[in-house]
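Novice:
2 protein chains.
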Amino acid sequence: MPNAETAGYQFNHTMVRVKDPEASIKFYTEVLGMTLLSHYKFDSFTLYFLAYDHSGGTQTVKELKDSRFNREGVLELTHNHGTESDPAFSGYASGNSEPGKGYGHIAITVPDVTAACARFEQLGVPFKKKLTDGRMKDIAFILDPDGYWIEVIPPRVILGPGDE
Amino acid sequence: MPNAETAGYQFNHTMVRVKDPEASIKFYTEVLGMTLLSHYKFDSFTLYFLAYDHSGGTQTVKELKDSRFNREGVLELTHNHGTESDPAFSGYASGNSEPGKGYGHIAITVPDVTAACARFEQLGVPFKKKLTDGRMKDIAFILDPDGYWIEVIPPRVILGPGDE
Numbered sequence: 001m002p003n004a005e006t007a008g009y010q011f012n013h014t015m016v017r018v019k020d021p022e023a024s025i026k027f028y029t030e031v032l033g034m035t036l037l038s039h040y041k042f043d044s045f046t047l048y049f050l051a052y053d054h055s056g057g058t059q060t061v062k063e064l065k066d067s068r069f070n071r072e073g074v075l076e077l078t079h080n081h082g083t084e085s086d087p088a089f090s091g092y093a094s095g096n097s098e099p100g101k102g103y104g105h106i107a108i109t110v111p112d113v114t115a116a117c118a119r120f121e122q123l124g125v126p127f128k129k130k131l132t133d134g135r136m137k138d139i140a141f142i143l144d145p146d147g148y149w150i151e152v153i154p155p156r157v158i159l160g161p162g163d164e
Numbered sequence: 001m002p003n004a005e006t007a008g009y010q011f012n013h014t015m016v017r018v019k020d021p022e023a024s025i026k027f028y029t030e031v032l033g034m035t036l037l038s039h040y041k042f043d044s045f046t047l048y049f050l051a052y053d054h055s056g057g058t059q060t061v062k063e064l065k066d067s068r069f070n071r072e073g074v075l076e077l078t079h080n081h082g083t084e085s086d087p088a089f090s091g092y093a094s095g096n097s098e099p100g101k102g103y104g105h106i107a108i109t110v111p112d113v114t115a116a117c118a119r120f121e122q123l124g125v126p127f128k129k130k131l132t133d134g135r136m137k138d139i140a141f142i143l144d145p146d147g148y149w150i151e152v153i154p155p156r157v158i159l160g161p162g163d164e
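Sequence order for the protein chains is D and A. The UniProt record's numbering puts the first residue of the first sequence at 1, with every later residue one more than the last. The UniProt record's numbering puts the first residue of the second sequence at 1, with every later residue one more than the last.
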C-alpha cells in the first residue's frame, strides 16, 4: 500500500533475453507499435529499452532516452552477442513449461481486440491462443520472435462469474 | 513506432507464478509499496493484480479494480493452489540460470536508491547485488519470496561511457 517510504516508486521495466535483436526490435516496434527509447552496447551484450510513446511521437530523442528509467511500462531486451548466429544456441525458455517454469507473459491492452488480432494474423504473427480458442473469447495470446507469450486484452476484462 | 493501428496500446502487465501468495502479497505491498488492485479465484488457481497507486491512496476499490487492465505497470501473480504447502514442489525458476534461462527481472525505480536499499536491508530482504557490489554503484538487485530478481534503480542511470 502507498506509504511515505515507497512514495514515488514506479514499476519501471521488465527484462527478457532475446536471441536476435533485429527480429525482436522489428516485432516490438512494427507489430506492437512500441518505440525504441534507447539502447546501450556493452562488450558482450547490448540492452534495448522500448515502451509506448503515448505523446504520439512528439518526444525528442533525448526525452525518450531520459524516460527509460523514469516511467512505467518499459520493456528491456538483453541481447548476448552472438546468439543470433550461433548454431549451438538452442533458444531461451518461455517460462511456461518445465524446466524453467516461473515467468509467464507480458500483456498488451488494446482498444479493439478483434481488430488487433486480425492485424496480427495478417502480419503472420504466431498465436498461442486465438480469440476463438478456449473459454475466454476476448483474450488472445501471441508469440514474440523468441516464443515468449504476449497476452492481448481489452481495457476491461471480466474474468468469470462474480467478477464485476 | 506509434502508428494509427497501434494507437492506444498499453504495456499493461507482467505475469509471474508464485508459490505462496501470502508471502508474495506481503512483499509487494509492504516492502515495495504496491497496492493490490484486485484478485480473482478460479477453481485451481488465483490471479492477483498489483500496481503502484500514484493517486496517493485516494482511489476507490472499484477504480482500482477497473484499472487493472487499463494502465501500465501492473504485476500479475498467479498462484496455482497447493504449491504453498506441497513438499514435492521445488519452486519456480527465476529465469536467470539454466535450465529455464530467458526471463530476467522486473525493475522498480525509486527516488533515493541508498535510502531504499537501507530500508530493504533493515526489513531483511535478500540481495542479489548490493549497491557496493560490482561496477555499477547506483543499481541493486533484491530477491522476491520466489527468488525472482528485482532491480532497484534511480530515475536516471548512466550505463557507461558514452551513454549521456
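Ideal Cβ placement from N, Cα and C applies to all residues, glycine included.
1) Taking 7 Å as the limit between beta carbons, can you name the residues of its chain near residue 17 (chain A), skipping five residues before and five after?
2) Measuring alpha carbon to alpha carbon, tell me which of A:94, A:2, A:74 and A:101 ends up nearest residue 19 (chain A).
3) With DSSP collapsed to three states, give me the class of residue 40 (chain A).
4) What span of residues does the beta strand (DSSP E) with residue 46 (chain A) cover, start to end?
5) Give the list of continuous beta strand (DSSP E) stretches no shorter than 3 residues that lie fully inside the UniProt domain "VOC" (10 to 155) of chain A.
6) Would you say residue 53 (chain A) reaches chain D, if we count a Cβ-Cβ gap shorter than 8 Å as a contact?
7) Just to confirm my understanding: we take residue 35 (chain A), look at its own chain, exclude 5 residues before and 5 after, and list those with CB closer than 6 Å. What are they?
8) Kindly say whether residue 93 (chain D), judged by its beta-carbon, lies nearer than 8 Å to any beta-carbon of chain A.
9) Using the beta-carbon count (16 or more within 10 Å), is residue 158 (chain D) buried or exposed?
10) I need the DSSP call for residue 5 (chain D), collapsed to helix, strand or coil.
11) Answer with yes or no whether the minimum CB distance from residue 37 (chain A) to chain D is below 8 Å.
12) Among residues of its own chain, excluding the 5 on either side of residue 113 (chain A), which ones have a beta-carbon nearer than 8 Å to its beta-carbon?
13) State the Cα-Cα distance for the pair residue 73 (chain D) and residue 150 (chain A), rounded to the nearest angstrom.
14) Is the distance from the Cβ of residue 108 (chain A) to the Cβ of residue 49 (chain D) below 8 Å?
15) Sort A:29, A:57, A:28 and A:76 by Cα distance to residue 102 (chain D) and report the nearest one.
16) Please state if the CB of residue 38 (chain D) and the CB of residue 68 (chain D) are separated by a distance shorter than 8 Å.
17) Taking Cβ to Cβ, would you say residue 8 (chain D) is nearer than 8 Å to residue 110 (chain A)?
18) Which value, in whole angstroms, describes the spacing of the CA atoms of residue 160 (chain A) and residue 136 (chain A)?
19) Excluding five sequence neighbours on each side, which residues of the same chain lie with their C-beta closer than 6 Å to the C-beta of residue 27 (chain A)?
20) Please check if any C-beta of chain A sits within less than 8 Å of the C-beta of residue 72 (chain D).
21) Along chain D, in chain order, which residues have C-beta atoms closer than 9 Å to that of residue 122 (chain A)?
22) So, under 8 Å CB-CB, residue 142 (chain A) and residue 120 (chain A) are touching, yes? Tell me the CB distance rounded to an integer number of Å.
23) If you draw a straight line from the C-alpha of residue 99 (chain D) to the C-alpha of residue 100 (chain A), how long is it?
24) If you compare alpha carbons, which of A:82, A:25, A:32 and A:164 is closest to residue 4 (chain D)?
Specialist: This is what the structure holds:
1) Answer for residue 17 (chain A): 78, 80 and 92, listed in chain order.
2) Distance from the Cα of residue 19 (chain A) is smallest, within the candidate group A:94, A:2, A:74 and A:101, for A:94.
3) The three-state reading of DSSP puts residue 40 (chain A) in strand, counting E and B together.
4) Run containing residue 46 (chain A): 45 to 51, per the beta strand (DSSP E) assignment.
5) List check, beta strand (DSSP E) in window: 10 to 17, 35 to 41, 45 to 51, 74 to 80, 103 to 109, 127 to 129, 140 to 143 and 149 to 153.
6) At least one CB atom of chain D sits nearer than 8 Å to the CB of residue 53 (chain A).
7) Contacts found: 53.
8) Output row for residue 93 (chain D): interface = yes.
9) Residue burial annotation: residue 158 (chain D) is exposed, with fewer than 16 other C-beta atoms found within 10 angstroms of its C-beta.
10) Residue state, collapsed to three classes: helix.
11) Not one chain D Cβ lies under 8 Å of residue 37 (chain A).
12) Same-chain partners within the cutoff: 131, 138, 139, 140, 152, 153 and 154.
13) Answer to the nearest angstrom: the Cα atoms are 15 Å apart.
14) Taking the C-beta atoms as reference points, residue 49 (chain D) is found no nearer than 8 Å to residue 108 (chain A).
15) In this structure, A:76 is the residue among A:29, A:57, A:28 and A:76 with its C-alpha nearest to the C-alpha of residue 102 (chain D).
16) The Cβ-Cβ distance between residue 68 (chain D) and residue 38 (chain D) falls below 8 Å.
17) Against a cut-off of 8 Å, the Cβ pair of residue 110 (chain A) and residue 8 (chain D) comes out as a contact.
18) Spanning the two alpha carbons is a distance of roughly 9 Å.
19) Residues 144 and 145 of the same chain have their beta carbon placed closer than 6 Å to that of residue 27 (chain A), with the five preceding and five following residues left out of the count.
20) Yes, residue 72 (chain D) counts as interfacial toward chain A.
21) Per Cβ cutoff of 9 Å: no residues; residue 122 (chain A) is ~10 Å from chain D at best.
22) Their Cβ separation, rounded to whole angstroms, is 6 Å, which keeps residue 142 (chain A) and residue 120 (chain A) in contact under 8 Å.
23) If I take the Cα positions, the gap works out to 6 Å.
24) Measuring from the Cα of residue 4 (chain D), the nearest candidate turns out to be A:32.
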